[in-house]
Each structure stands twice: as structure tokens, then as C-alpha cells.
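Visitor:
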Amino acid sequence: MKKLILLSLILGNIAFGAANKKIALMMSNRSNEFFGVLEQSFVEEAKKLGYTVDVYDAANDATKQPSQVEDAIVKKSAAIVINPLNKDATEGVLNDATSRDIPVVTVDTTVEGVDLLAKIATDNEDGGKFAAEWIVKKSNINPEELTGLIHMRGIDGHTAHIARYKGFKDYLESAEAGEKWNALVEDNKKYIELTGNFAQDVAQNVLESKLSALDPKGKYIVYNENDVMAIGTIGAIQNDSRFNLENFTIIGFDGSSEGKKLVDEKKMAITVVQDFKFIGKQAAIVVDKYLKDNQSPENSEMPIEVIMYPENQNPRN
0 MKKLILLSLI
10 LGNIAFGAAN
20 KKIALMMSNR
30 SNEFFGVLEQ
40 SFVEEAKKLG
50 YTVDVYDAAN
60 DATKQPSQVE
70 DAIVKKSAAI
80 VINPLNKDAT
90 EGVLNDATSR
100 DIPVVTVDTT
110 VEGVDLLAKI
120 ATDNEDGGKF
130 AAEWIVKKSN
140 INPEELTGLI
150 HMRGIDGHTA
160 HIARYKGFKD
170 YLESAEAGEK
180 WNALVEDNKK
190 YIELTGNFAQ
200 DVAQNVLESK
210 LSALDPKGKY
220 IVYNENDVMA
230 IGTIGAIQND
240 SRFNLENFTI
250 IGFDGSSEGK
260 KLVDEKKMAI
270 TVVQDFKFIG
280 KQAAIVVDKY
290 LKDNQSPENS
300 EMPIEVIMYP
310 ENQNPRN
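Under numbering that gives the first Met the number 0, the first residue of the sequence shown carries the number 0, and numbering increases by one thereafter.
1) Counting along the chain, where does the alpha helix (DSSP H) carrying Gly228 start and finish?
2) Can you find at least 3 beta carbon pairs, one from the stretch 145-152 and one from the stretch 203-215, that sit closer than 8 Å?
3) Which of helix, strand or coil does DSSP assign to Ile303?
4) Thinking C-alpha only, which one of Gly254, Gln67 and Pro296 is nearest Glu304?
5) Note down the Cα distance separating Val73 from Ile220, rounded to an integer number of angstroms.
6) Looking only at its chain, what residues have a beta carbon closer than 7 Å to the beta carbon of Ile306, apart from the 5 residues adjacent to it on each side?
7) Run the CB neighbour count on Thr89, radius 10 Å, all protein chains shown included, and call it buried at 16 or more, exposed below.
8) Give every residue of the same chain whose Cβ lies closer than 8 Å to the Cβ of Glu111, excluding the five residues on either side of it in the sequence, and list them in chain order.
9) Contact between the stretch 96-109 and the stretch 170-177 is defined here as three or more beta-carbon pairs at a separation below 8 Å; is this criterion met?
10) For Ala127 versus Gly166, is the C-beta spacing smaller than 7 Å?
11) From the DSSP secondary-structure annotation, give me the bridge partner or partners of Asp287.
12) Whole angstroms is fine: what's the gap from Asp53's alpha carbon to Leu213's?
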């Protein structure tokens, strides 16, 4: 009898494991090239490991993600992998998921106040610093001769924006950057912050509106917190006949194919590169190890280093 009971328990666990092979992957915006790479990499690796994947798209709308998480909970997903748009919007519902023993992994961006299995992300703060280091150490730009530095911000509340903003500005305000760069950042007439919401059309529109207040003969840097906004800023400048793109040093962030193409065409100076393929694959592996072996990462925070395109512009070499 004991052997029969034990066999029943084993078969029951196997049946449960087979039935519970569904992972929810929640993307902030599937139309974004990089999130497409992340999604494809995750799905391919998850399928190799024996899972099916339900993919959700928030389409850059943070209000959609809580209901998507709730849907995954109702469907009894074995795990949730999420690229959260807003740290506040998803905290409560993700805590609900973890209270039901559904492991949660965040990718690229994260949330605080949730017991996460892992946070797998580009070190966005270091990436922002990396871009600022290039300006100070590699660009050969004299801050005293610069008319202005335009900082094109992402989505307010988005963790990637918060980190890329902080890393960039903190370095320019640091002693290492020097007094001249410190002074430029402190001058609100020269350090111009605009919000492009990580979107090409928004970035283009807000810069087009701002150009009327800028000097057509001036020299400017535009730091964009992603390549998509960089494309928009270039479009805005090219659409205004009073301005010459050669007077603008454009910086991107992501290392998208379009971003790299713009660098090759000399329209953009550099782009900070993220490895989304690695992030997607790593997320699938972390989930698999936990579900099959109850194995958690030694450190839940798993930062992925950034690189620079072109490589010869790396300010740390």
C-alpha cells in the first residue's frame, strides 16, 4: 500500500509538472526592436527547455500590465517574466503572484518591494555614466564652447529612465568630470531637459517645439535615453532648415540596428549597447533551474554590462 501511495504521489507530481509548463512573458512594448530580440531569445530557450510561453504586450501603457499579471495568475502560469513599465503600477499585483508561489523575474527594468527570483538587466545607471564619460573623455568637446546640452528623457517612473538619467547626470556633476562640466549641468539655460517618452514621434515633436528657442549657429549635445528617441531628434533637426545636423553631437542608448546605422552614417556619434539576446536567454535558464531544481541565483540582482558602438570610442579603454 505504501508503495502504491508513493507511486501515486510521484505520478501526480509528474502530471502537475507537465501541466504547469506555461510561462508568462510580459513585454512593455513588443514593437521595440530590442524587446523583440529579448522575446525571441527567451521563447526559443524556453521551448528548448520544454516550456510554452504566453506573451503579453503592454504597448507602452503601464496601466495594462496589472491586469495582464492577474490574467497570468488566473491561468496558473508556472512563472512570470516581466519587463515592467512602471515600478509602482505592478508592485501590488506581482506581490500577489509571489504570495501564490509563482516566481517572478524582471528583465531590463525592475520593481522594488517585491520578492523577485531575479532581476536581469543592463546596468542602466552605468550605461548613463558610460555615455557621460564619453562626452568628458572622448568627444573633444569644450564645455565652455558648448551652447547647450539637451537631455532627452524617457518615461517618467520607468526604471530604465531613472537609472540612465541618474548615471549620466551624476557623472557630469562629479569631481571626475571637472568644474567646467559641473557648471554646465548647473546652468538650466544650457542643460535642457525634455521628455520623449522613449518614443520617436514624441521626441521629434518636443525637440521641434524647442528648436525655436535655440541658436541655429550654436553647438549642442543631445543625449537620448534610447536610440528610438535619437532617431526622432535627428528628424527634428533635419526638418528645420535653420539648423545643421553637423552642429549637434547625438548620443543614443541601446545599440539598435538603426542606431548603429546612424553612427556609421555619421549622423550619431555613439550608442551605448545592450545585449538583449543574452538577457532573454538568461531569464529562461533562471526560471528553468528554479522550477526543476528549486535553485535560485546566488544573487537576485544580475546586472549585464554595457559596451559602446563604435568600440574604438570606449572611454574606459
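No residue lacks a Cβ here, since even glycine has one placed at the ideal position from N, Cα and C. Just so we're clear, the structure is a prediction, and the values are computed from it rather than from any experiment.
Guide: From the atom records:
1) Here residue 228 corresponds to residue number 229 of the sequence shown, with the count starting at 1. A small correction: the amino acid at residue 228 is Met; Gly does not occupy that position in the sequence shown. Taken as a continuous stretch (DSSP letters only), the alpha helix (DSSP H) holding Met228 covers Asp226 to Asn238.
2) Contact between the stretch 145-152 and the stretch 203-215 is present, because at least three Cβ pairs lie under 8 Å.
3) Taking the first residue of the sequence shown as 1, we reach residue 303 at position 304. Ile303: strand per DSSP, three-state reduction.
4) Here residue 304 is taken as the residue at index 305 of the sequence shown, counted from 1. Taking Glu304 as reference, the option from Gly254, Gln67 and Pro296 with the minimal CA-CA separation is Gly254.
5) Numbered from its first residue, the sequence shown carries residue 73 at position 74. Numbered from its first residue, the sequence shown carries residue 220 at position 221. The straight-line gap from Cα to Cα measures roughly 48 Å.
6) Here residue 306 is taken as the residue at index 307 of the sequence shown, counted from 1. Cβ neighbours of Ile306 beyond the five flanking positions: Val272.
7) Position 90 of the sequence shown, counted from the start, is the residue given in the question as residue 89. Thr89 comes out buried.
8) As a first step, residue 111 is located in the sequence shown; it is residue number 112 there, counting from the start. If we look at Glu111 and ignore the five residues flanking it on each side, its Cβ neighbours are Lys86 and Glu90.
9) no
10) By one-based count along the sequence shown, residue 127 stands at place 128. By one-based count along the sequence shown, residue 166 stands at place 167. As written in the sequence, residue 127 is Gly, which differs from the Ala given in the question. Yes, the pair counts as a contact, with Cβ atoms nearer than the cut-off.
11) For the purposes of this step, residue 287 is taken as residue 288 along the sequence shown, with counting starting at 1. Bridge partners of Asp287: none, in fact.
12) For this step, residue 53 is matched to residue 54 along the sequence shown. For this step, residue 213 is matched to residue 214 along the sequence shown. Computed Cα separation, rounded: 47 Å.
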